[in-house]
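For reference, the structure is listed below as structure tokens.
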Amino acid sequence: MLKLTASCDSVPEKSYDSAFLDRLHCYIPGWEVDIIRGEMFSTGYGFVVDYLAEVLRHLRNQDYSDQYKEHFSISSDLSTRDRDAVNKTFSGLMKILFPQGGASAKDIEEILKFSMEGRKRVKDQLFRIDSTYTAVDFSYSDTAGKIVPVATLEEIEFPHYFNKTNVETDLPDTVKPDAVLIETKPDEVLAKEQHLTFAENQRGVSFDQLFSPYLLGASKVIITDPYIRLFYQARNLMEFLETLVRHKALGDEINVGLLTVADEFKEDQQVGYFEQIQNAMLQVGIQFSWSFDRSNTIHARHIVTDTGWKISLDRGLDIFQQYDMNDAFQLANRMQDFRVCKAFEVTYLRV
């Protein structure tokens, strides 16, 4: 869609006018919003809708839009309309999330960034449909003077098809998987020390892309992750081992060790998963073993190879959002590239 048209093409013809669309404060990316599932509902106490509506009505006359100014300042390149849109979105989100106040600087930054991204998405579409609109620098700076450019997720994922609206600023230090998906094979990517940050709801990320360059030639791999307990976590481990299988020579043998924590209530089931993985890997030359840290003191998650690489993972292998594992015909079930990611970071170190 980004390649051929604008995201606002579905707007009714009478409303498909740049002057009208410019009055939208925020464009929420509906394609990132998951369908409502049963597990999303609270199982405890909740507000009656009438009560929540009365709270919001009471807050209507209060202005929270200046609460970020103690920590951050918006680029002066933004027009008055852009600035008002960001402020109103920020104020509304603060009323919902922190009506009592007390938001940390990190919380405020996240809400401000989301508000700016929503307005930038509107501006990006205007830039596509009306050439009279000029490029705008959507960025903010902290009290130390560090400038942080704001980019939409689709701009990060599909840079080749996107009309950038940032002026003389680079995209955030976030990986751009589109280049890997289109042209580059993981084996051809050179392993190097680096730190990568992935955004919430990002697609196009796979274990092949993340790990294969750093696993080539390894004969021993140690995985440390205290949270390999449930079925989906064991499946993530299996998919990591599948990456090893795809990128090792046919006759090579690799020893893979897992250090994790035993499930307090279902250790037998957990061991059963590991035994099934072990039996499957024996057929392809991978010796898989595991051990439990009975002290329950391990916390950091990382992968270490005997070729001198340490891969530090803040979420371990649990980087994907929930998807339907029972649907054999869903692409997300078959190919990691089509799964939606959680926000996570990876650091590659030489040891």
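In terms of UniProt numbering, the sequence shown opens at residue 1 and continues consecutively.
All residues carry an ideal CB built from backbone N, CA and C; glycine is no exception.
- Note on Q269: under 16 other CB atoms within 10 angstroms of its CB, so exposed under the neighbour-count rule.
- Closest in alpha carbon position to I286, among E253, A328, N236 and E109, is E253.
- N255 carries a strand assignment under DSSP once its states are collapsed to helix, strand and coil.
- The shortest CA-to-CA distance from G30 to any of E54, T143, L153 and D306 is the one to L153.
- Checking the DSSP bridge columns, you'll see D66 has no partner listed.
- Each residue's CA atom was taken as its position, placing V221 and Q321 some 26 Å apart.
- Selection K88, I129, F344 and Q62 evaluated against Q100 yields Q62 as nearest (Cα-Cα).
- The beta carbon of I228 sits closer than 7 Å to those of A234, L237, L258 and T260, all from its chain and outside the five residues before and after it, given in chain order.
- A distance of 9 Å or more separates the beta carbons of Q202 and T347.
- In terms of CA proximity to R60, M94 leads the group M94, L241 and K342.
- The C-beta separation of G204 from E242 comes to about 18 Å, leaving the pair out of contact by the 8 Å criterion.
- It is roughly 33 Å from the alpha-carbon of N296 to the alpha-carbon of A191.
- Less than 9 Å divides the Cβ of D77 from the Cβ of S139.
- Contact check for T89 and R119: beta-carbon distance about 7 Å, within the 8 Å limit, so the pair qualifies.
- Scanning the segment 80-155 for uninterrupted beta strand (DSSP E) segments of 3 residues or longer gives 139-142 and 147-149, listed from N- to C-terminal end.
- The alpha carbon of K342 has as its nearest neighbour, out of H71, Y323 and A144, the alpha carbon of Y323.
- Inclusion of H247 and L210 in the CB contact set at 9 Å is not warranted, their separation being larger than that value.
- In this structure the segment 36-45 does not lie against the segment 112-129, because fewer than three pairs of beta carbons, one per stretch, are closer than 8 Å.
- In terms of Cβ geometry, H302 and I311 form a close pair [threshold 9 Å].
- Taking every protein chain shown into account, the CB of E267 has fewer than 16 other CB atoms within 10 angstroms, so this residue is exposed.
- About 18 Å separates the CB atoms of F207 and F231; that is not less than 8 Å, and the two are not in contact.
- L24 places its beta carbon 9 Å or farther from that of V150.
- When the five nearest sequence neighbours on each side are left out, the beta carbons in the same chain lying within less than 7 Å of the beta carbon of D225 are those of T260, R301, G316 and L317, in order along the chain.
- In the assembly as shown, F41 is an exposed residue. Its beta-carbon has fewer than 16 other beta-carbons within 10 Å.
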